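Just so you know, this note's numbering puts 48 at position 15 of the sequence shown, and the rest follows in order with no gaps.
All residues carry an ideal CB built from backbone N, CA and C; glycine is no exception.
Note that this is a predicted model, so its numbers are computed, not measured.
Note sheet for the following structure.
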Amino acid sequence: MARESTLTNMVVTLFAVCLVSAALLGGLYALTAEPIAAAQTAKINTAIGGVVPAFDNTPSAEKFTVEANGKTSTVYPATKGGEAVGYAIEASSSAGFGGNITLMVGFLPDGTINGTSVISHAETPGLGAKISESGSHFVTQFQGKNPADPNFKFAVKKDGGSFDAITASTITSRAYIDVLNNAYNAFLNINKSEEAQQN
Numbered sequence: 034m035a036r037e038s039t040l041t042n043m044v045v046t047l048f049a050v051c052l053v054s055a056a057l058l059g060g061l062y063a064l065t066a067e068p069i070a071a072a073q074t075a076k077i078n079t080a081i082g083g084v085v086p087a088f089d090n091t092p093s094a095e096k097f098t099v100e101a102n103g104k105t106s107t108v109y110p111a112t113k114g115g116e117a118v119g120y121a122i123e124a125s126s127s128a129g130f131g132g133n134i135t136l137m138v139g140f141l142p143d144g145t146i147n148g149t150s151v152i153s154h155a156e157t158p159g160l161g162a163k164i165s166e167s168g169s170h171f172v173t174q175f176q177g178k179n180p181a182d183p184n185f186k187f188a189v190k191k192d193g194g195s196f197d198a199i200t201a202s203t204i205t206s207r208a209y210i211d212v213l214n215n216a217y218n219a220f221l222n223i224n225k226s227e228e229a230q231q232n
């Protein structure tokens, strides 16, 4: 014999369904949280290794944050034999066509860009997504350049700068350079941040 549908029965049933769903979601999160975190750490470590010269320390274990112009960036110092060989700086910009762009930017101790690696973006495939192509002209044109060099203006040529934009992706190109400028501003504040941590 079927039970009569009452408000109490409906509330109890809904509560039971929500409870089971919440328990399943919580269990799924607990199962996947560690592998997701490990994958993200591996991605960060790969990015660090790709943007700074060879090192013998563990930059991800020595990371610290730097504030510059109201933006916070994470700095991964790379050393070899106790001497600084570079800094990998994780910086971002929300000015991308598809939203936030996060890069790992590698600087030599004198501020020269050694390399870049994309951590995340949501740019259009085939257009703005070209920022992920490590050997593309757009990406390689920044290597070996120092933002302090007066011969280079870190902006796209369309804005009076020194750098080519990705064809049909000027907004993405501007955002990419914005990340480089944010990373460089963080680089300029590294010494202040290191001194503050030692005190």
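- Cβ contact annotation for Gly194 (same chain, cutoff 7 Å, sequence separation greater than five): Lys186, Phe187, Ala188, in chain order.
- Fully contained in the segment 175-218 is no alpha helix (DSSP H) run of length 4 or more.
- Pairing Thr105 with Thr112 gives a Cβ-Cβ distance that is not under 7 Å.
- Counting other Cβ atoms within 10 Å of its Cβ, Asp89 stays below 16 and is therefore classed as exposed.
- With distances taken between CA atoms, Gly83 lies nearest to Glu123 out of Glu123, Ala63, Val44, Glu95.
- Ser125 and Ser54 have their alpha carbons spaced roughly 35 Å apart.
- For the 7 Å CB-CB criterion, Ala117 and Pro142 form a contact.
- Taking a contact to require three or more Cβ pairs closer than 8 Å, the segment 195-211 and the segment 161-170 qualify as touching.
- Within the same chain, Ser93 come within 7 Å of Ile77 by CB-CB distance, once the 5 residues on both sides are set aside.
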